[in-house]
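In our numbering, the protein residues as written are 77 to 379.
No residue lacks a Cβ here, since even glycine has one placed at the ideal position from N, Cα and C.
All values reported here derive from a predicted model rather than from experimental measurement.
Notes for the one structure printed next.
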Amino acid sequence: AFKQVGFGKGDRVINTFMYHLTPAGLLIDEALRALEATVIPTGPGNTDLQIKMIMDLRATGYAGTPSYLMTILDRMAEMGIPKEAVPLKKALFSAEPYTPSQRARFEDEYGMVTTSAYGTADLGFVGYTKPNVQGFCIVSHVYLQICDPQSGEPLPTNEMGEIVATVFNRGYPLIRFGTGDLGILAETPSPECGGQQLLGLFGRTGEAVKVRGMFLHPNQMNMAKMQFPEIKHMQAIITRPTNKDVITLRIELKEGAQDNQLAERMKEFVRNAVRLRIDHVEIVPPGVIDPTQRAVIDERKWD
């Protein structure tokens, strides 16, 4: 995946993946150093400071989510930095879908070479994108099966099921590891892949939803609700009106309960407990939230 975009000696790569709580930051850091690239370990957030470092250090590469690179480029435009002055020429994305509109902006408008990688915390990188190839080319040390999520039995190619991986790694072997992701294997892989081809990712088998590269699970929402006795029902709605995930928290209060700056207190608690920023908190009338529905509802549409 890293060689696909040409990372190597002489590159200065800004790594915006988190270095704690998730392995992504360290995983990418190690791979880039193995290719003799210089890593700038910024982690996520502090966009203005990130931009200063990109410009001052003349960073040639970016590693992170595509939506955060969009945020960086949008902010650069607001600051009056012309496109031709942006030093970034290579980018590796992961942890969220990489849409055609994002690819068009990065590659056509900014002249970057880009790829998107699919991986998990346990498996590391599993596959990566190539030009004119649908989905992901699977790396040589991983063998994928598509299985029935309930029975675990392998399904025929071109059928959707849970992605199950076997990793041929002497130090950390895994046999038939269920990822929880839904996918389809190509019946006839592209010659460009040289092996298996995963046609795409189509959601999760369970109720967890990945938002900005982090999983948001209904159990986390229930734990948050337990900390606030005035809350009767709570529901998280995930949307994507532009190129950024937006989390809206709907809250129904118990009869007689007062707001009492609940929105700000809930934002702070979720940010600390789940490591995700809540964009909006809505106090809704009784009956708006159906308690039989999922606690986390994903309404995003990907182009």
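Any idea if residue i is buried or exposed, counting beta-carbon neighbours within 10 angstroms, 16 or more meaning buried?
i, result
"H96", "exposed"
"Y248", "exposed"
"V364", "exposed"
"K166", "buried"
"D366", "exposed"
"D132", "exposed"
"E172", "buried"
"D184", "exposed"
"A371", "buried"
"P398", "The requested residue 398 is not part of the displayed model; the chain covers only 77 to 379."
"P120", "buried"
"A110", "exposed"
Using beta-carbon positions only, say whether residue i and residue j come within less than 9 Å of one another.
i, j, result
"Q272", "A284", "no"
"Q90", "T118", "It is worth fixing the name first, because residue 90 is Ile in this sequence and not Gln. Yes. Within cutoff."
"C269", "V209", "yes"
"L168", "F78", "yes"
"L352", "I307", "no"
"V350", "A300", "yes"
"P294", "E331", "no"
"T141", "R88", "no"
"F253", "L199", "yes"
"S170", "Y194", "yes"
"L250", "R280", "no"
"M94", "G101", "yes"
"Y144", "R288", "yes"
"E229", "I260", "no"
"L274", "V202", "yes"
"Q80", "T196", "no"
"I354", "V360", "no"
"M146", "K286", "no"
"V162", "I130", "yes"
"F304", "R341", "yes"
"Y186", "L125", "no"
"V189", "G82", "yes"
So what does DSSP say about residue i, is it helix, strand or coil?
i, result
"S192", "strand"
"L145", "helix"
"D335", "coil"
"Q296", "helix"
"Q273", "strand"
"K320", "coil"
"E344", "helix"
"A153", "helix"
"D374", "strand"
"V115", "strand"
"A77", "coil"
"M94", "coil"
"E183", "helix"
"A328", "Checking the sequence, you will find Glu at residue 328 rather than Ala. In the structure shown, E328 sits in a strand (DSSP, three-state: E or B)."
"A139", "strand"
So, does the CB of residue i fall closer than 9 Å to a CB anywhere in chain D?
i, result
"R181", "In summary, chain D is missing from the structure at hand, where a single protein chain is found."
For the beta strand (DSSP E) holding residue i, just list the boundary residues, first then last.
i, result
"D105", "Element bounds for D105: not the beta strand (DSSP E) but the alpha helix (DSSP H), 100 to 110."
"T123", "Where T123 is concerned, there is no enclosing beta strand (DSSP E), although the alpha helix (DSSP H) it sits in stretches over 123 to 133."
"R353", "No beta strand (DSSP E) contains R353, which DSSP labels as neither H nor E."
"R88", "88 to 91"
"Q178", "From DSSP, Q178 is part of no beta strand (DSSP E) but of the alpha helix (DSSP H) over 176 to 179."
"H309", "307 to 315"
"L261", "250 to 261"
"K166", "166 to 169"
"V243", "237 to 243"
"K286", "285 to 287"
"V202", "200 to 204"
"F212", "212 to 214"
Under DSSP, the alpha helix (DSSP H) around residue i begins and ends at which residues?
i, result
"Q221", "Where Q221 is concerned, there is no enclosing alpha helix (DSSP H), although the beta strand (DSSP E) it sits in stretches over 218 to 223."
Worksheet item: Do the segment 308 to 315 and the segment 325 to 345 touch if we need at least three Cβ pairs shorter than 8 Å?
Response: yes
Worksheet item: Taking one C-beta from the segment 195 to 211 and one from the segment 222 to 230 each time, how about it: are there three or more such pairs within less than 8 Å?
Response: no
Worksheet item: Do the segment 164 to 180 and the segment 234 to 252 make contact, defined as three or more Cβ pairs closer than 8 Å?
Response: no
Item to complete: Take every Cβ of the segment 102 to 115, pair it with every Cβ of the segment 150 to 165, and state whether three or more of those distances are shorter than 8 Å.
Response: Taking one beta carbon from each stretch, the segment 102 to 115 and the segment 150 to 165 have fewer than 3 pairs nearer than 8 Å; the two do not touch.
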